[in-house]
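Peer 1:
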Amino acid sequence: MTLSLKDWALLVKRFYKNGDCVAIALKKFRTLKGLRSGSGPMTAFGLKTMIDKFEESGSFDVKCDRRRKAIASTSVENVATALEEASSSALGTCSARGISRTSDMPVNTVHKILRNILQCYPFKIKYVQALVPADLPKREAFALQFLARMEVVNA
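Numbering of the sequence shown is given in this note's numbering, commencing with residue 23 and proceeding in unit increments.
What follows is the structure in structure tokens.
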């Protein structure tokens, strides 16, 4: 059971009203909330540490949980521009490692941006020359040479 800010404030209020006694504060909180005895949101030790933190800071500072951090839109824009520049270069190739070096970002972040946001997936592009009718004798000669090699190997 997670506590809301109202429940935290109620627990702290019960703690100070009952003469700084953690056990009594928990017992009163459980009866107010209709919980069974022995069950509840936290132990006496947990309440004591929460009270200590409250006394140090003076507020119920709710800290961020450890979820994945959202990728900033500026990072996405940086990767998109780097991708455009790399694809318009003379070679026309780009890599996530190259983009991470130029934009000072971790490679994993660049991979996530490329795959999940920009919908770019890794593949290799090979340049293939167009087949021209004038090349027909060269292709026939290559095919015949290849077949001759296969016959020698199979014999």
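Glycine is no exception: its CB is placed at the ideal position from the N, C-alpha and C atoms. All values derive from a computational prediction rather than experimental measurement.
List the whole-angstrom C-beta distance separating I121 from V98, where the pair is believed to meet the contact cut-off of C-beta under 8 Å.
Peer 2: In this structure I121 does not touch V98 by the C-beta definition: roughly 12 Å separates them, more than the 8 Å allowed.
Peer 1: In three-state DSSP terms, what is N40?
Peer 2: Three-state DSSP puts N40 in coil, outside helix and strand.
Peer 1: Cβ of N138 within 7 Å of any heavy atom in the ligand FAD?
Peer 2: Absence of the ligand FAD is noted for the structure shown, with no ligands found whatsoever.
Peer 1: Could you give the C-beta distance for I73 and V34, rounded to a whole number, given that I count them as a contact under 8 Å?
Peer 2: 6 Å
Peer 1: Within the continuous alpha helix (DSSP H) that includes L57, where are the two ends?
Peer 2: Looking at the DSSP string, L57 is not in any alpha helix (DSSP H), and its letter there is neither H nor E.
Peer 1: Pick from R119, R137, N138: whose alpha carbon is nearest that of V129?
Peer 2: R119
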